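Before any comments, here is the structure.
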């Protein structure tokens, strides 16, 4: 198939790019064949975020719509930040970076479905259930993508429903794969595109609860249940009078190899702050996803090349201190669309012409915001309390810090301490009412992966027992299991969070439509 533009990933970045590009073409009287590839079976099924959304990008992309027309659950009316101990809470002033006046609570799944409807109405072709597996190149130029095969058995043999990989050839390819984008990584490695710091990541585990008690405040917490040398915190947001979203996010540079984010999250819900809302309710949805946290110094030095642009989370456009990424993703998509449209009008989708995208991003609020908070997340590399002090000072100095850039190692290079004799799953037993196992979570994610699918996770042979235990704790979906002979991989459990892709076994695209089926994440 030949297209003018192929966009890999139907998230907020990719769909905003498609909508802006289609609007530009319509205003100009130009016909463009735009295709969006999405690996999920339906739009939004692989989308997960907190989410409290800054509406700025929505207003720019849809200037004729009113605030009430946007796919938000409701405006932020009250907010609170707490420092937790095991059974108490201390209310803190809301840090300036976290103030959410004018923002709205939303479900990213619902945002994506809404954006998809807008894109389709403009004539954009959206192909769900088609993961992009590799780049097509001609010399230094990206000329499209190849999709993954569908309908293979566990040994890789074709079944009756087999579909061979398809090549989608395009004048411009936009990589909007989201966190830890495989094609974005491949392009950066191939073209030797780097950043001052490596990208670092966090893992977030989230649940949706139907509750008997209404929550009218967005809540963020620091401290317990995390150890003092781990970065992260929790959130609890009202989605409706009887619907609450809550989750725990932990940086993957944690030092204790025995840390289990899903397990900590389950333990966290026993705290009185959360329990009072959840008790008597029902957990109706569960999910997990990694988040790029490196900020300004981890954004690649260029996000464009011959025939290609890189958008959203794939480019690292997330501001951790404000807990925001969706509006940056959408704005980057709009900038990319403008640069791509101009390049196609000139018949020149070269690196020089598409470099206008980088110039737009660099001059925008995206990089200005990331620069103001450039060292804040990095300051926590030496622990929570030292990091909180440094980050507080940086709030006053506009991000300035003695010595300039704080260098960070890759998450995979962080030294971690071992706890001899402690096996995964040896902690608290889930009660099935307030706390749940990883298998329970995968069920609530709506995972519909075939049991006979070929494994898409690349794991080395003869995995040491310590590494097997580490992977078993790290994965929130119970994909990895320590057995006497080494490591068992339950690949159908995978929800594409990419956590082990950061720290161990590599993730690769699998059969389209596999994985979770999120509805309100």
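Residue numbers (our numbering): 33 to 553. Note that CB positions come from ideal geometry on N, CA and C, so glycine has one too. If you're wondering where the values come from, they're calculated on a predicted model, not measured in any experiment.
Three-state secondary structure (DSSP) of residue i
i           : result
residue 164 : strand
residue 142 : helix
residue 270 : strand
residue 403 : helix
residue 438 : coil
residue 107 : strand
residue 221 : helix
residue 283 : strand
residue 46  : helix
residue 536 : coil
residue 292 : coil
residue 485 : coil
residue 56  : helix
residue 100 : helix
residue 433 : coil
residue 299 : helix
residue 411 : helix
residue 315 : strand
residue 278 : strand
Enclosing beta strand (DSSP E) for residue i [first to last residue]
i           : result
residue 112 : 111-116
residue 195 : 190-195
residue 473 : First-last for residue 473: 470-476, but that is the alpha helix (DSSP H), not the beta strand (DSSP E).
residue 177 : 173-179
residue 200 : 199-207
residue 154 : Premise fails: residue 154 is in no beta strand (DSSP E) and is neither H nor E.
residue 121 : 121-124
Residue i to residue j span [Cα, whole Å]
i           : j           : result
residue 186 : residue 546 : 14 Å
residue 354 : residue 415 : 19 Å
residue 277 : residue 237 : 11 Å
residue 88  : residue 428 : 25 Å
residue 495 : residue 62  : 56 Å
residue 149 : residue 387 : 30 Å
residue 214 : residue 292 : 25 Å
residue 173 : residue 403 : 31 Å
residue 250 : residue 487 : 39 Å
residue 435 : residue 426 : 13 Å
residue 274 : residue 109 : 17 Å
residue 141 : residue 541 : 21 Å
residue 380 : residue 72  : 32 Å
residue 156 : residue 46  : 11 Å
residue 529 : residue 153 : 31 Å
residue 309 : residue 256 : 18 Å
residue 102 : residue 188 : 44 Å
residue 295 : residue 398 : 34 Å
residue 99  : residue 133 : 14 Å
residue 439 : residue 364 : 26 Å
residue 305 : residue 235 : 22 Å
residue 512 : residue 230 : 26 Å
Residue range of the unbroken alpha helix (DSSP H) whose run includes residue i
i           : result
residue 309 : 304-310
residue 70  : Not the alpha helix (DSSP H): residue 70 falls in the beta strand (DSSP E), residues 66-70.
residue 422 : 416-429
residue 34  : No alpha helix (DSSP H) contains residue 34, which is instead part of the beta strand (DSSP E) from 34-40.
residue 93  : 88-93
Proximity below 8 Å, CB of residue i to CB of residue j
i           : j           : result
residue 406 : residue 424 : no
residue 449 : residue 199 : no
residue 466 : residue 319 : no
residue 485 : residue 523 : yes
residue 544 : residue 345 : no
residue 66  : residue 54  : yes
residue 393 : residue 373 : no
residue 285 : residue 323 : no
residue 279 : residue 82  : yes
residue 482 : residue 500 : no
residue 552 : residue 139 : yes
residue 339 : residue 203 : yes
residue 127 : residue 298 : no
residue 117 : residue 226 : no
residue 248 : residue 264 : no
residue 36  : residue 489 : no
residue 57  : residue 64  : yes
residue 158 : residue 151 : yes
residue 409 : residue 272 : no
residue 269 : residue 84  : yes
**Prompt:** Residue ranges of each beta strand (DSSP E) run of no fewer than 3 residues wholly in the region 230-264, ordered along the chain?
**Reply:** 233-242, 250-255
**Asked** Taking the runs of the alpha helix (DSSP H) that are 4 residues or longer, which of them lie wholly in the region 321-401?
**Response** Here the runs fully enclosed are 358-377, 383-394.
**Prompt:** Residue ranges of each alpha helix (DSSP H) run of no fewer than 4 residues wholly in the region 498-539, ordered along the chain?
**Reply:** Runs found: 531-535.
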